[in-house]
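K.L.:
If you scroll down you'll find the structure; I have some questions about it.
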Ligand code: F6P
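Residue numbers (my numbering): 873 to 1417.
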C-alpha cells in the first residue's frame, strides 16, 4: 500500500476545523480585511509569472494553519513524493501515475519496473517533432502529391478535450493547418466535420489510449470509408496516424507502423495531452511551442514537489477548496478565464476534476461519510458576466470562483484589454464587497427617487457580497504559462484526492454506461428487446417502432 488510507474526518485537524468553522462562519470578508491590513500580501503567492491572490476567501491565518495541518496529517508530503517517484498510487488499476514524466527534463531518471522511462518519452517526442515538422512544412504530401491543409483529431474524453482545449488556447501561435475535432458518436458530428474537407489534403489522427472506445472506432471507421470513396487502401498510410497503447488493434485498422505513436499505461487519459495524445497540438502550433508548454508544466511540477505547503499554489488552492466543499457545503466551483482563448478550459477541467474525484468509496473500499469531488463549471469572462453571474452575485449558493487573467493581451489592443481587465478586477471586488442597503439608498436618492419607491426596490438592489474568489494573474498567455496553469489544476486534483482518501486516477464509474449502451445497441439492432425496467422498455419500443 503506497498511500495513507486514513479517514480525513478522524484527524485532529479536521476536528479543529469543524469547531473553527462554527466559530468563524458568520465572519465576513469585510471583517477579515478590516482586522488585518496586511491580508492581501499575506495571502498572495508569487511564483514565476503567476500571482495568486487568495485573500478574498473566508479564511484567517488560523484557518490556513489548520488546513495545512490537515495536509500534514493525511501524509500529503509522502503522497506527492510517491507520485513523482512512480509508485503504484493508482492501486485499483495497479498503475503508476506519471504524467509528470512526460514533461521531465531529458536528464531526469524516472523508473517504472526498474527501467528509466525518460529516454522512451524523448524518443516519442522526437518522432512527434519529425512528423509534425514534415506535415507543417509540406514536405509530407497526401496521396495526390498535395500538401496537407487540414487535420482531424478523432478521439473522445482525454483523447479529445486536452488537445482541443490547448489548440484553441494557443491558436495565436498556430500555423496554416486548420484543426478539426470529432468526438461524439453522433453521426451528425462526423458528417458535419467532413462536409467541407478534401480527402486529398486532410490528415486524420486517431487518438485512443485503449483503441477500444466505441465512439472513436466508429468515427474512425466512418472517416476511413469516406476517405476510401476517393482514395485507395494503400493511401491510408499517408493520411492516417494513430496514438495508442494498443498497437495490435491499430494494425488491424490499417495504419502503418511509422505513423503510430505509443503512449503508456502509466498515463491516464485525462492527463495525457503531454504525451503523443498532444500530436494534434504539435501539428497546430509546431513542436517548439508544444515543448515550451511541457517546460511550463515541468516548472509547476518542481514547484509542487518542492515548495513548502504554505507557498505551494496547488496545495493552497486545494485546501481552500476543501474548506468550502467540506465545511461550507459548497457543491460547485466556477472557473472563469478572462481570455477567449481559454474558452474550453473549464470543460477540459470538468473531466480532470470530476472523473478523478467523483468517488464515494474511500481507499479502504468503504463508503465515505463526507463530501468528495467538486462540480466544476465556467465560461470565459466577460461573456459569463452576462449569462450566469447573476446567480453567483445574488443567488442562495456560495460558489467559490477562480478568476484567471493576463496582464497583456496577445494582439496588444490596449483599449480592449483594459476594458476586459477592468471587468476582471471589478467582479472580484463586487463579489466581495457587494452593495449595502445604505449605498443603494444613496444611489437612488441621487437619482431623485422618492422614499416610497426606494423602499420598494431596495431589497432587490442589495448585494450581500462576501462571495469568495481566487485571483490568478499571469503575465501573458504563452505555451509555457498555459502548461504551468494546466499542471497547477492537475496537482490540485491529486491533493484533494489524497485528503479525501479516494483514488483519483481510476474511473470505474464511466464503465457502466459503456456496458449498458452495448447491450441496448443489440436491442435496437436486433428483433427483440431484452428485459429492462418498464420506462426503458417503453422508450425503446417507441424508438424502434
Ligand atoms: O470516459 C472514460 C475514458 O476512459 C476517459 O478516461 C478517457 O479519456 C476516454 O474514455 C477515452 O479513452 P480512450 O483514449 O481509451 O479512447
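C-beta atoms are modelled at their ideal positions from N, C-alpha and C, and glycine is treated no differently. The model shown is predicted, which means the values in this text are computed figures rather than measured ones.
#1: Quick check: what's the CA-CA separation for residue 905 versus residue 1367?
#2: In the DSSP assignment, what are the bridge partners of residue 1276?
#3: Can you tell me whether residue 1077 is helix, strand or coil according to DSSP?
#4: Would residue 1300 and residue 1246 be called neighbours here (beta carbons separated by less than 7 Å)?
#5: Which of the three DSSP states is assigned to residue 1407 in this structure?
#6: Please return the same chain residues whose Cβ sits closer than 8 Å to the Cβ of residue 1193, not counting the five positions on each side in sequence.
#7: Quick one, which of 942, 1151 and 919 has its alpha-carbon nearest residue 878's?
#8: Is residue 1174 buried or exposed, if buried means 16 or more other CB atoms sit within 10 Å of its CB?
#9: Around the C-beta of residue 892, are 16 or more other C-beta atoms found within 10 angstroms, so that it is buried, or is it exposed?
#10: Going by alpha carbons, who is nearest to residue 1129 out of 1143, 1113 and 1136?
#11: CB of residue 1379 to nearest heavy atom of ligand 1: below 6 Å?
#12: Let me know the secondary structure DSSP gives residue 1374 once reduced to three states.
#13: Between residue 931 and chain B, is there a C-beta pair that is closer than 7 Å?
#14: If you measure from the CB of residue 1150, is any heavy atom of ligand 1 nearer than 6 Å?
#15: Looking only at its chain, what residues have a beta carbon closer than 6 Å to the beta carbon of residue 1227, apart from the 5 residues adjacent to it on each side?
#16: Determine the direct distance from the alpha carbon of residue 1383 to that of residue 1398, and round the result to whole angstroms.
#17: Indicate whether residue 1402 and residue 1413 have their beta-carbon atoms separated by less than 7 Å.
#18: How far does the alpha helix (DSSP H) with residue 1060 in it extend, from its first residue to its last?
#19: Name, in chain order, the residues that DSSP records as bridge partners for residue 918.
#20: Evaluate contact between the region 1164–1182 and the region 999–1009, counting only Cβ atoms and requiring at least three cross-stretch pairs below 8 Å.
#21: Quick check on residue 890: buried or exposed, where buried means 16 or more other Cβ atoms within 10 Å of its Cβ?
#22: For ligand 1, is there a heavy atom less than 6 Å away from the beta-carbon of residue 1055?
#23: Does the contact criterion of 3 or more C-beta pairs under 8 Å hold for the region 905–914 versus the region 963–981?
#24: Could you check where the beta strand (DSSP E) with residue 1112 kicks off and where it finishes?
#25: Buried or exposed: where does residue 1087 fall if 16 or more other Cβ atoms within 10 Å of its Cβ makes it buried?
#26: Check whether the Cβ of residue 1365 sits closer than 6 Å to any heavy atom of ligand 1, and report yes or no.
#27: Could you tell me how far apart the beta carbons of residue 1444 and residue 900 are, in whole angstroms, since I believe they sit closer than 8 Å?
#28: Are residue 1001 and residue 1159 close, meaning C-beta to C-beta below 7 Å?
#29: Let's test the definition: count the other Cβ atoms within 10 Å of the Cβ of residue 1085 and tell me whether it reaches 16, buried, or not, exposed.
#30: Consult DSSP for residue 1252 and reduce its assignment to one of helix, strand or coil.
#31: Check residue 849 in the structure and name its three-state DSSP category.
#32: Terminal residues of the continuous alpha helix (DSSP H) containing residue 1198?
#33: Which class does residue 1204 belong to by DSSP, given the choice of helix, strand or coil?
#34: Under the criterion of a Cβ to heavy atom distance below 6 Å, does residue 1230 qualify as lining ligand 1?
#35: In its own chain, which residues sit with a C-beta less than 6 Å from the C-beta of residue 1091, not counting the 5 before and 5 after it?
#36: Determine whether the beta carbon atoms of residue 968 and residue 1138 lie at a separation below 7 Å.
P.N.:
Per the coordinate set shown:
#1: Residue 905 and residue 1367 have their C-alpha atoms spaced approximately 28 Å apart.
#2: Among the bridge pairs identified by DSSP, residue 1276 is matched with 1209 and 1344.
#3: Reduced to three states, the DSSP call for residue 1077 is strand.
#4: Result no, Cβ atoms of residue 1300 and residue 1246 do not sit closer than 7 Å.
#5: In the three-state scheme derived from DSSP, where H, G and I count as helix and E and B as strand, residue 1407 is classed as helix.
#6: 1205, 1246, 1272, 1364 and 1368, listed in sequence order.
#7: Nearest C-alpha to residue 878 among 942, 1151 and 919: 942.
#8: Under this definition residue 1174 is an exposed residue.
#9: So residue 892 ends up on the buried side.
#10: A check of alpha carbon separations from residue 1129 across 1143, 1113 and 1136 identifies 1113 as the nearest.
#11: With a cutoff of 6 Å, residue 1379 counts as near ligand 1, since its C-beta is closer than that to a heavy atom of the ligand.
#12: Residue 1374: coil per DSSP, three-state reduction.
#13: Protein chain content of the structure displayed is limited to a single chain, and chain B is not contained in it.
#14: Ligand 1 never approaches residue 1150 closely enough for any of its heavy atoms to be under 6 Å from the residue's Cβ.
#15: Here the set comprises 1142 and 1379.
#16: Straight-line Cα distance between these residues: approximately 23 Å.
#17: Result no, Cβ atoms of residue 1402 and residue 1413 do not sit closer than 7 Å.
#18: From DSSP, the alpha helix (DSSP H) with residue 1060 extends over 1059–1067.
#19: As a beta-bridge residue in DSSP terms, residue 918 pairs with 923.
#20: The region 1164–1182 is not in contact with the region 999–1009.
#21: Under this definition residue 890 is an exposed residue.
#22: Residue 1055: no, Cβ never under 6 Å from ligand 1.
#23: Three or more beta-carbon pairs separated by less than 8 Å are not found between the region 905–914 and the region 963–981, which leaves the two stretches without contact.
#24: Annotation: the continuous beta strand (DSSP E) that includes residue 1112 extends over 1112–1116.
#25: Burial call: buried.
#26: No, the beta carbon of residue 1365 sits no closer than 6 Å to any heavy atom of ligand 1.
#27: Nothing can be reported for residue 1444, as the shown portion of the chain is limited to 873 through 1417.
#28: Cβ distance < 7 Å, so residue 1001 and residue 1159 count as in contact.
#29: So residue 1085 counts as buried.
#30: Coil at residue 1252, not helix or strand.
#31: Nothing can be reported for residue 849, as the shown portion of the chain is limited to 873 through 1417.
#32: According to the DSSP assignment, residue 1198 belongs to no alpha helix (DSSP H), since it is labelled neither H nor E.
#33: Under the three-state reduction of DSSP, residue 1204 is assigned to strand.
#34: Checking the Cβ of residue 1230 against ligand 1 gives no.
#35: Hits under 6 Å: 1026, 1054 and 1062.
#36: Contact flag set, yes.
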